[in-house]
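One structure is given here, and the rest of the page talks about it.
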Amino acid sequence: MENIGSGEEKGSDWGKSLPVPSVQELLRNDPQSLPERYIQLHRDRPVVPHMAVAPSSYDIPIIDFALLAKGDEDETRKLDLACKHWGFFQIINHGVAEEVLLKMKAAIAAFFELPPDEKNKYAQDGNDFQGYGQAYVASEEQKLDWCDMVFLVTLPHEIRNLKYWADTIPGFKDAIESYSIEAQKVAEELCANISLLMGMDKDGLKRFYGNTKQAMRMNYYPPCSRPDLVLGIKPHSDPDIVTLLLQDDDVPGLQIRHKDEWILVKPIRNAIVVNVGDVLEILSNGMYKSIEHRAITNKAKARLSLATIMIPYDELEIGPMECAVDDDRPRMYGNMKYLDYVRYTLGRKMEGKAHLDNTLKIKGS
Numbered sequence: 001m002e003n004i005g006s007g008e009e010k011g012s013d014w015g016k017s018l019p020v021p022s023v024q025e026l027l028r029n030d031p032q033s034l035p036e037r038y039i040q041l042h043r044d045r046p047v048v049p050h051m052a053v054a055p056s057s058y059d060i061p062i063i064d065f066a067l068l069a070k071g072d073e074d075e076t077r078k079l080d081l082a083c084k085h086w087g088f089f090q091i092i093n094h095g096v097a098e099e100v101l102l103k104m105k106a107a108i109a110a111f112f113e114l115p116p117d118e119k120n121k122y123a124q125d126g127n128d129f130q131g132y133g134q135a136y137v138a139s140e141e142q143k144l145d146w147c148d149m150v151f152l153v154t155l156p157h158e159i160r161n162l163k164y165w166a167d168t169i170p171g172f173k174d175a176i177e178s179y180s181i182e183a184q185k186v187a188e189e190l191c192a193n194i195s196l197l198m199g200m201d202k203d204g205l206k207r208f209y210g211n212t213k214q215a216m217r218m219n220y221y222p223p224c225s226r227p228d229l230v231l232g233i234k235p236h237s238d239p240d241i242v243t244l245l246l247q248d249d250d251v252p253g254l255q256i257r258h259k260d261e262w263i264l265v266k267p268i269r270n271a272i273v274v275n276v277g278d279v280l281e282i283l284s285n286g287m288y289k290s291i292e293h294r295a296i297t298n299k300a301k302a303r304l305s306l307a308t309i310m311i312p313y314d315e316l317e318i319g320p321m322e323c324a325v326d327d328d329r330p331r332m333y334g335n336m337k338y339l340d341y342v343r344y345t346l347g348r349k350m351e352g353k354a355h356l357d358n359t360l361k362i363k364g365s
């Protein structure tokens with residue numbers, strides 16, 4: 001993404017996703033529509049749980065971010081265990097004002113309420129991964145996600161491509177501006193605490209990866225007449241350092257794979273879901289795990305979510321840090337330039353963690 005700028009002629013080096021029809025617009029014409037290309041193979045179809053029967057013993061960890069930032073030992077221990085054994089956790093008391101969260105969610109909703117012709121003004125273009133469309137569409141034959149999305153690079157300011165920003169929506173840019181800054185503060189504080197847990201000072205990770213970039217994926221999952229046959233997003237892990245997810249407070253849909261079961265992540269009002277990315281797994285030499293996750297749909301309501309990702313610059317060589325390798329934990333991953341890793345990941349359909357296993361994972365480790 002080094003060559004992303006504010007000019008309309010610039011795009012990313014991450015590759016492209018093939019254009020496909022908007023699921024939202026398919027349903028506008030026929031609410032019962034379910035094209036064959038969206039029907040998952042039997043082995044991939046979800047079991048759609050009801051919230052009332054989701055076992056409470058499977059609730060993912062909840063961390064009080066305000067206490068964590070103050071160095072509270074209990075919260076620090078919970079962060080360590082969450083990153084090791086779950087790869088996911090929710091944070092409360094994170095300091096992002098409710099007004100900022102609500103405006104961000106309203107901006108996403110407003111985009112997907114635009115008429116089709118208006119949304120298409122911000123469609124993915126050529127080789128650019130940014131814009132309105134779908135992701136991870138690598139062939140005309142693969143099964144598709146029951147989801148429309150907008151992907152934007154948001155920080156730093158100088159690499160934004162405003163061509164894809166919906167400037168016709170009042171407050172859209174301001175909402176992103178406010179939330180992106182707050183989300184970056186949260187991500188940096190989390191990484192500072194993870195640095196301490198890895199045996200470094202608070203700036204250990206930051207010294208390694210330097211300045212980071214931030215991007216946002218805004219997701220719209222329409223209701224589906226047969227949610228047992230489709231997936232909002234297929235199982236995958238994230239090719240980043242950490243991801244911050246704003247869930248829909250009222251409509252659950254995120255599932256994570258934990259102990260070979262798919263666990264529904266129950267929304268907590270104004271909480272932020274955090275997950276470990278592939279880059280952090282690699283840097284920590286497997287001490288912390290990126291976890292497969294997916295999105296399911298429902299019959300009654302559309303669901304919105306926002307994934308904010310923290311990513312290194314393209315030229316960074318990623319591989320295990322020295323502090324994470326010793327006789328008890330031998331090197332589990334090789335080295336690769338981040339741009340090459342993310343190109344490989346985005347150039348294929350989602351297949352769990354196959355992209356990590358096929359590139360950097362040392363066989364037998």
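When you line the sequence shown up against full-length UniProt numbering, it's residues 1 to 365, in that order.
Ideal placement from N, C-alpha and C gives every residue a C-beta, glycine not left out.
How is residue i classed by DSSP in three states: helix, strand or coil?
{"i": "E140", "result": "coil"}
{"i": "T345", "result": "helix"}
{"i": "K361", "result": "strand"}
{"i": "F129", "result": "coil"}
{"i": "E317", "result": "strand"}
{"i": "A307", "result": "strand"}
{"i": "L34", "result": "coil"}
{"i": "K289", "result": "coil"}
{"i": "I159", "result": "helix"}
{"i": "D44", "result": "helix"}
{"i": "K301", "result": "coil"}
{"i": "P123", "result": "According to the sequence provided, residue 123 is Ala. The question's Pro does not apply to it. In this structure, A123 counts as strand in the three-state DSSP scheme."}
{"i": "K266", "result": "coil"}
{"i": "D249", "result": "coil"}
{"i": "D148", "result": "strand"}
With burial defined as no fewer than 16 other Cβ atoms inside 10 Å of the residue's Cβ, what is the status of residue i: buried or exposed?
{"i": "R303", "result": "buried"}
{"i": "N285", "result": "buried"}
{"i": "P235", "result": "buried"}
{"i": "D314", "result": "buried"}
{"i": "H42", "result": "exposed"}
{"i": "A97", "result": "exposed"}
{"i": "H157", "result": "exposed"}
{"i": "R77", "result": "exposed"}
{"i": "K259", "result": "exposed"}
{"i": "I362", "result": "exposed"}
What are the boundary residues of the beta strand (DSSP E) that includes residue i?
{"i": "R257", "result": "L254 to H258"}
{"i": "M350", "result": "Careful: M350 lies outside any beta strand (DSSP E) and carries neither H nor E."}
{"i": "H236", "result": "I233 to H236"}
{"i": "D278", "result": "Counting along the chain, D278 falls outside any beta strand (DSSP E), though it belongs to the alpha helix (DSSP H) covering D278 to L283."}
{"i": "K213", "result": "T212 to Y221"}
{"i": "L244", "result": "V242 to L246"}
{"i": "D64", "result": "I62 to D64"}
Note down the Cα distance separating residue i from residue j, rounded to an integer number of angstroms.
{"i": "V274", "j": "I60", "result": "11 Å"}
{"i": "R257", "j": "I263", "result": "6 Å"}
{"i": "L81", "j": "S139", "result": "39 Å"}
{"i": "T168", "j": "T243", "result": "28 Å"}
{"i": "V20", "j": "N219", "result": "15 Å"}
{"i": "A192", "j": "A215", "result": "20 Å"}
{"i": "D322", "j": "W165", "result": "Residue identity differs from the one stated: residue 322 is Glu in this sequence, not Asp. If I take the Cα positions, the gap works out to 40 Å."}
{"i": "G71", "j": "Y209", "result": "23 Å"}
{"i": "K202", "j": "P35", "result": "50 Å"}
{"i": "G347", "j": "S33", "result": "28 Å"}
{"i": "I176", "j": "Y132", "result": "16 Å"}
{"i": "G334", "j": "E351", "result": "21 Å"}
{"i": "N161", "j": "V153", "result": "7 Å"}
{"i": "R217", "j": "S180", "result": "12 Å"}
{"i": "I268", "j": "V186", "result": "17 Å"}
{"i": "L245", "j": "R331", "result": "30 Å"}
Identify the continuous alpha helix (DSSP H) that holds residue i and give its terminal residues.
{"i": "S178", "result": "F172 to L197"}
{"i": "I24", "result": "Checking the sequence shown, residue 24 turns out to be Gln, not Ile. Start and end: V23 to N29."}
{"i": "Y209", "result": "G204 to Y209"}
Is there at least one Cβ from chain D nearer than 8 Å to residue i's Cβ?
{"i": "Y344", "result": "Included in the structure is just one protein chain, with no chain D present."}
Compute the minimum distance between the beta carbon of residue i and the heavy atoms of the ligand NAD, and state whether it is under 7 Å.
{"i": "M149", "result": "Inclusion of the ligand NAD in the displayed structure is not the case, the ligand content being empty and no account of it being possible."}
Subject >> Those runs of the alpha helix (DSSP H) which lie wholly inside the region 77-120 and span at least 4 residues >> reply: Counting only runs of 4+ residues, the alpha helix (DSSP H) found wholly inside the region 77-120 occupies 98-112 and 116-119, in chain order.
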